[in-house]
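Note that my numbering numbers the sequence shown so that position 189 is 173, with each residue one more than the last.
Below is one structure, written out as structure tokens, with a few remarks after it.
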Amino acid sequence: MYDVIVIGAGVSGCAAARELSRYRYRTLVLEKDEDICEGTSKANSGIVHAGFDSEPGTMMARMNVRGNALMEQLSKDLDFPFRRNGSLVLCFDEKDRDKLERLLEKGEKNGVPGLRILSKEEVKEMEPNLTDDLAGALYAPTGGIVCPFGLTIALAENAAENGVEFRRETEVTGIRKEDGFYRVETNRGVYETKVVVNAAGVYADRFHNMVSDDRMTIIARKGEYCLMDKKVGNYVNHTIFQLPTIYGKGVLVTPTVHGNLLAGPTAVDIEDKENTQTTAEGLEDLQRRA
-15 MYDVIVIGAG
-5 VSGCAAAREL
5 SRYRYRTLVL
15 EKDEDICEGT
25 SKANSGIVHA
35 GFDSEPGTMM
45 ARMNVRGNAL
55 MEQLSKDLDF
65 PFRRNGSLVL
75 CFDEKDRDKL
85 ERLLEKGEKN
95 GVPGLRILSK
105 EEVKEMEPNL
115 TDDLAGALYA
125 PTGGIVCPFG
135 LTIALAENAA
145 ENGVEFRRET
155 EVTGIRKEDG
165 FYRVETNRGV
175 YETKVVVNAA
185 GVYADRFHNM
195 VSDDRMTIIA
205 RKGEYCLMDK
215 KVGNYVNHTI
225 FQLPTIYGKG
235 VLVTPTVHGN
245 LLAGPTAVDI
255 EDKENTQTTA
265 EGLEDLQRRA
């Protein structure tokens, strides 16, 4: 009998396991793939968001700001790359400056430190390679970048060193709620636990629906990126967002902790949750939107 079983060894599952390893719990992490961090966590933009975009008062807003504040010390404790490079949300039209003001107001309500709106001249001084077609930007100095797989691996290693068990290539096929515990069925046998932590990413709906009458459906969304050579890795120093318009959010441009330049993502809803193919259409969309 385990105290806790965590389903999924992505960044959320490994972070939960690492936190649980602080206590005298018998904890097990089940992962269907052959190694940790093989799903969404290995391939995201690696952005540590400042927290100005989340709706004030929500759990996401609180955890975003709190997680951002904890990341620097965590990177030192676990020895993974992290840089607090700051972020800019660009505004291209004076008529949209009220949207910057609203983002600023939300961020201040969320407790994001150091937020301010910059003039075009101030933005260009910080990022001379940006277009001259600017009206201003929201600056968030606490925004950062991280190595997504480096973070996840560090969390998993620390959890394992502290006694958490990991079972890879172990796919959960069923969960049954018994009297005071759960029976977790897998392709490698049955495990019993008092608590289940569902950190299964795009498959979290499947496990949720096994034990809850409150049904949910997760529609997977694929995002394609363009990772550029280190020769242009310093083209911008901050993470650059576009102010959302009627045409969508646009794409971000950011340096990576490894010295590359990253642009993306696209956003396409897909039926096949395993569809991670890149396409010529995706690259063309990135070039158009960037």
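C-beta: ideal position from N, C-alpha, C; glycine also.
Nothing here was measured: the structure is a model prediction, and the numbers come from that model.
Next on the checklist: For C210, tell me which candidate among N113, I101 and R272 has the shortest Cα-Cα distance.
Outcome noted: R272
Checklist entry - Do the segment 208 to 223 and the segment 40 to 49 touch if we need at least three Cβ pairs shorter than 8 Å? => result no
Checklist entry - For K16, which of helix, strand or coil comes out of DSSP? => result coil
Checklist entry - In terms of residues, what are the limits of the alpha helix (DSSP H) holding S59? => result M43 to L62
Checklist entry - Nearest CA to the CA of S196: which residue from G158, A124, A53 and K257? => result G158
Next on the checklist: With distance defined between alpha-carbon atoms, name the residue in V130, R86 and E106 nearest to L58.
Outcome noted: V130
Item to check | Inter-residue CB distance, G30 and T240 (contact presumed, cutoff 8 Å) | outcome: 6 Å
Item to check | Beta-carbon proximity of K104 to G120, cut-off 8 Å | outcome: yes
Next on the checklist: Quick check on I202: does DSSP put it in helix, strand or coil?
Outcome noted: coil
Next on the checklist: If you follow the alpha helix (DSSP H) that R81 is in, where does it begin and where does it stop?
Outcome noted: R81 to N94
Checklist entry - Who are the Cβ neighbours of V216 in its own chain at under 6 Å, not counting the five residues just before and after it? => result L245
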